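In our numbering, the protein residues as written are 6 to 261.
Reviewing the structure listed below.
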């Protein structure tokens, strides 16, 4: 019983240090700066923003916007996931293919996101632009992680597999998958977090009918600064919850 209590206290202490204390510090600085400026249109007080959040939660339009952004984030992530497995596998197995895709992937990573968004507006519908941008920005991360995992596969184990006559399916299942999985899951988690940011950024510029980015741009146009803060916090919270859920799924998968 004493050990259990000690474990609970240790966990609570960790949460306090890693989450509660930094959050309180941030909100204190925010509150002080808001009082110092005295300009709610520039920096509204935390209390005003939280009142707006409380007003938005029962509003069905807020959930329409949040649901649209979440759906686009998930769509872009899963399309990128599939393409990354294919591209990363070929890049890991064939050095020439890795060199071939290295240049375009480097361009994607080096270019500003806003440039691709503005170009994509000419190519796709406003509902498709955020999905495309999310896919484009996460593809180098996950495909690179997959390729790195394959390249790091122990060659001695592969040599042993050849000696014992492992089939291709057995090599994939028992050698390549365990080697690639830690790299790929880490890259996928990073990419998933990034997809929310770039999807919201694309929504701000291309203005689909529904989306948190659209709501933020509308609030900005009407100089409703508290609403911009409220929507920003909302997408941070939603992204964090989904990321933690995905992290728990990945951690369970690693333990198997």
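Ideal placement from N, C-alpha and C gives every residue a C-beta, glycine not left out.
Here the structure is a predicted model, which is why all the values come from computation and not from measurement.
- Taking residue 88 as reference, the option from 51, 57, 47, 150 with the minimal CA-CA separation is 150.
- Every alpha helix (DSSP H) stretch that sits fully inside the segment 34-122 and reaches 4 residues is listed by chain position as 51-61, 65-98, 100-115.
- DSSP places residue 248 in the helix class (H, G or I) of the three-state scheme.
- Annotation for residue 213: no alpha helix (DSSP H) segment contains it, and DSSP assigns it neither H nor E.
- Around the beta-carbon of residue 205, 16 or more other beta-carbon atoms lie within 10 Å, marking it buried.
- 134 is the residue among 113, 134, 214, 114 whose C-alpha sits nearest the C-alpha of residue 123.
- 7 Å or more divides the Cβ of residue 203 from the Cβ of residue 113.
- Nearest to residue 97 by C-alpha distance, out of 180, 157, 215, is 157.
- Distances from the alpha-carbon of residue 251 to those of 152, 85, 194 put 194 closest.
- Classified as buried, residue 70 has 16 or more neighbouring CB atoms from the shown chains inside 10 Å of its CB.
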